[in-house]
Ligand SMILES: N[C@@H](CCC(=O)N[C@@H](CS)C(=O)NCC(=O)O)C(=O)O
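Numbering (the working numbering), first residue to last: 67 to 285.
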């Protein structure tokens, strides 16, 4: 296995995943911010199945995105986004200074864990009516948890913004930006007025890549 990070002249990045998937959209947005050329193939709900033996060999979790960089097969959208930014050596989007890097990663993990848990009830159950998340108790709990989590983000942005980790747009803003878009698009939620989150949504909307892959009419 090669141990250096450069693969100049390598084949274009392959992204396997439908472009209406929340997690695929993170990777598409990251590629556009970083100027990475890619080829995308439709896999996932409504397209080629993630349960086929060939796909399961790439990702035993049967989920999109899967990204292949010069033969290296990757899953987990946040880890892929970090890999791509690090590979490009983009010190603004993903600094190598560990204190800044940790601040970025903690917000990405917050999305992957706390917010995703809340969205199971609030979005998968409450909006898409997916079983088993559509249980009434679970939906209400998800909505309450989501309001709690986004209020926490609002307080953070009010004191530490305008981006999630301060003055610069970083890879942390990619998953958080997708969550904020979903927050404004989700049905059945008594959304409190959260001024800093609203301002953040408008700030991100100045980025063409966000309008293409984040705030693009999809929740
Ligand atoms: N933790 C994974 C979650 C991936 C995930 O949940 N993917 C969804 C789409 S957003 C999926 O594959 N759904 C099944 C399908 O589309 O067939 C990641 O961040 O990449």
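No residue lacks a Cβ here, since even glycine has one placed at the ideal position from N, Cα and C. Since the structure is predicted, the reported quantities are computational estimates derived from the model, not experimental observations.
Next item on the list: Measuring alpha carbon to alpha carbon, tell me which of 85, 98, 97 and 238 ends up nearest residue 109.
Entry: Answer by Cα proximity: 85.
Check: On the three-state DSSP scale, how would you describe residue 179?
Finding: The answer is helix: DSSP assigns residue 179 an H, G or I state.
Check: For residue 229, which three-state DSSP category applies?
Finding: DSSP places residue 229 in strand when its eight states are reduced to three.
Item checked: Sequence-distant residues of its chain with Cβ nearer than 7 Å to residue 148 (five each side left out) -> Cβ neighbours of residue 148 beyond the five flanking positions: 160 and 237.
Checklist line | Distance between residue 206 and residue 249 (C-alpha atoms, nearest Å) | finding: Near 15 Å, if we compare the C-alpha coordinates of residue 206 and residue 249.
Item checked: Proximal residues to residue 167 (C-beta, below 8 Å), its chain only, five neighbours per side dropped -> Taking C-beta separations shorter than 8 Å and ignoring five residues to either side along the sequence, the partners of residue 167 in its chain run 160 and 161, following chain order.
Next item on the list: For residue 197, write down the residues that DSSP places opposite it in a beta bridge.
Entry: Looking at the DSSP assignment, residue 197 forms no beta bridge with any residue, so it has no partner.
Next item on the list: For the alpha helix (DSSP H) holding residue 245, just list the boundary residues, first then last.
Entry: 239 to 251 is the span of the alpha helix (DSSP H), which, as asked, contains residue 245.
Check: Cα separation between residue 154 and residue 255?
Finding: Taking the straight line from one Cα to the other gives about 39 Å.
Check: Just reading off the alpha helix (DSSP H) that residue 90 is part of, what are its end residues?
Finding: Counted as a single uninterrupted DSSP element, the alpha helix (DSSP H) harbouring residue 90 occupies residues 88 to 100.
Next item on the list: Whole angstroms is fine: what's the gap from residue 216's alpha carbon to residue 263's?
Entry: Cα to Cα, the separation comes out at about 8 Å.
Check: Grouping DSSP H, G and I as helix and E and B as strand, with all else coil, what is residue 117?
Finding: Coil at residue 117, not helix or strand.
Next item on the list: Report all residues from its chain with a CB closer than 8 Å to the CB of residue 105; omit the five preceding and five following residues, and keep chain order.
Entry: Same-chain partners within the cutoff: 78, 79, 80 and 81.
Note to self: So, with DSSP's three-state summary, where would you put residue 130?
What the structure shows: Judged by DSSP in its simplified three-state form, residue 130 adopts coil rather than helix or strand.
Next item on the list: Could you please give the first and the last residue of the uninterrupted beta strand (DSSP E) stretch that includes residue 105?
Entry: First-last of the beta strand (DSSP E) with residue 105: 104 to 107.
Notebook entry, point to check: Where residue 274 and residue 137 are concerned, what is the direct C-alpha to C-alpha distance, given to the nearest angstrom?
Noted result: Our two residues, residue 274 and residue 137, have alpha carbons roughly 30 Å apart in a direct line.
Margin query: Quick check: residue 190 and residue 199, are their CB atoms within less than 8 Å of each other?
Written below: Yes, they are a contact pair.
Item checked: Own chain, CB closer than 8 Å to residue 268, minus 5 neighbours either side, in chain order -> Within the same chain, no Cβ atom closer than 8 Å to the Cβ of residue 268 is found once the five residues on either side in sequence are excluded.
Check: Is DSSP giving residue 255 helix, strand or coil here?
Finding: Coil.
Next item on the list: In angstroms with no decimal places, state the Cα-to-Cα distance between residue 139 and residue 284.
Entry: Computed Cα separation, rounded: 27 Å.
Note to self: Let's see if you can read the secondary structure: which residues bound the beta strand (DSSP E) around residue 79?
What the structure shows: Per DSSP, residue 79 is one residue of the beta strand (DSSP E) stretching across 79 to 82.
Check: Roughly how many angstroms separate the alpha carbons of residue 222 and residue 257, rounded to a whole number?
Finding: For residue 222 and residue 257, the distance between alpha carbons rounds to 18 Å.
Notebook entry, point to check: Considering only the beta carbon of each residue, do residue 133 and residue 116 sit closer than 8 Å?
Noted result: When the beta-carbon positions are compared, residue 133 and residue 116 stay at least 8 Å from each other.
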